[in-house]
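This report refers to the structure that appears directly beneath it.
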Amino acid sequence: MQIKVLGCSGAIAQHARTTSFLVDERILIDAGTGVGDLTVADMLRVEHIFLTHSHLDHVAALPLMIDTVAGGLQRPLVVHALPETIAALRAHIFNGTIWPDFSVIPSPEQPFLRFEPLAVGDVVSVCGHRVEALPAQHTVPAVGYAVDTPAGQWVFTGDTCRNPAFWERINRMPLAMLVIETAFSEREQALALHSQHLCPSLLAGELSWLDRTRHPDLPIGITHTKPAEHALIEQEVAALGLAQRHRLVWLEAGQVFDFN
Ligand SMILES: [Zn+2]
Ligand SMILES: [Zn+2]
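Be aware that the sequence shown starts at 669, since it is given in this note's numbering, and climbs by one per residue.
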């Protein structure tokens with residue numbers, strides 16, 4: 669079982685791609701600009717996409733990807749998301765003005781794209797994997813996800829600020845890896861709180877909720893840093909001593925994690 673980082677950046681720049689993770693070739697978690705590095709054949713293998721929320725950095729490649737694969741699809745590409753996220757995509761992207769409504773093209777009966785609503789706590793079984801929607805605290809309705817692996821759950825916070833319900837849930841899981849966002853540097857803490865993201869001190873606060881007696885050596889991947897602030901965020905996380913307490917991994921596009 670393999671999870672590949674396609675994008676883990678909070679914005680775009682050369683070599684910086686926005687959020688997307690590929691699970692065993694057939695599932696995408698988010699569809700940020702990292703999807704654009706897949707070949708056409710890779711894209712055609714994707715059957716299910718789980719979106720954390722409607723923000724552009726997490727959905728930007730979805731409309732373009734459907735255009736790429738439409739002609740080769742054997743069945744609709746299934747997009748799983750909160751009802752509010754689906755409503756936002758319908759109203760603001762697949763609205764016939766920004767992009768065609770691929771959920772009724774070429775026909776409403778056999779579309780290229782199918783939306784499947786989910787709720788926090790739902791477990792969806794697809795392609796031999798169980799994917800659970802986890803609570804997130806963001807400026808729009810949002811979720812995180814847990815994906816089962818032979819080594820335990822691979823857990824992704826999605827975009828979030830302080831999130832006690834998330835820790836309450838994941839501390840009861842067998843964990844293989846945690847991926848948590850740290851979008852802003854410390855000098856932008858007010859902006860982090862306003863936009864419902866984390867900065868290093870908020871990250872430290874969140875990680876203090878992790879049950880380390882149950883998960884003493886858990887790899888913790890840091891994601892969603894802004895390219896212009898990445899080095900500063902890394903320094904600030906080091907200054908807080910988090911690398912001494914936790915097994916931190918700074919995510920990069922192209923990284924592959926094997927769980928067996
Ligand atoms: Zn967001
Ligand atoms: Zn984001």
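Quick reminder that beta carbons are idealized off the backbone N, C-alpha and C, glycines included.
What is the DSSP secondary structure of residue i, counted as helix, strand or coil?
i      : result
Trp767 : coil
His862 : helix
Ala921 : coil
His892 : coil
Thr817 : strand
Trp822 : strand
Thr701 : helix
Arg915 : strand
Val788 : coil
Val714 : coil
Leu690 : strand
Pro852 : As written in the sequence, residue 852 is Phe, which differs from the Pro given in the question. Here Phe852 sits in coil by DSSP.
Does at least one heavy atom of ligand 1 sit under 8 Å from the Cβ of residue i?
i      : result
Asp655 : Residue 655 lies beyond the residue range present for the chain, which begins at 669 and ends at 928; the question has no answer from this structure.
His862 : no
Thr825 : no
His806 : yes
List the endpoints of the continuous beta strand (DSSP E) containing residue i.
i      : result
Val847 : 843-849
Leu696 : 695-697
Quick one: what's residue i bridged to in DSSP?
i      : result
Asp926 : Gln670
Pro803 : Val811
His797 : Val794
Ala684 : Ala681
Pro887 : Arg915
Would you say residue i touches ligand 2, meaning its beta carbon is less than 8 Å from a heavy atom?
i      : result
His892 : yes
Gly678 : yes
Ala851 : yes
What span of residues does the alpha helix (DSSP H) with residue i cover, start to end?
i      : result
Ser869 : 868-875
Leu900 : 898-907
Arg837 : 832-838
Can residue i be considered in contact with ligand 3, in the sense that its beta carbon sits closer than 8 Å to one or more heavy atoms?
i      : result
Val811 : With respect to small molecules bound, the structure shown includes ligand 1 and ligand 2 and not ligand 3.
Task: Any beta strand (DSSP E) of 3 or more consecutive residues that is wholly inside the region 717-780 - done: 745-749
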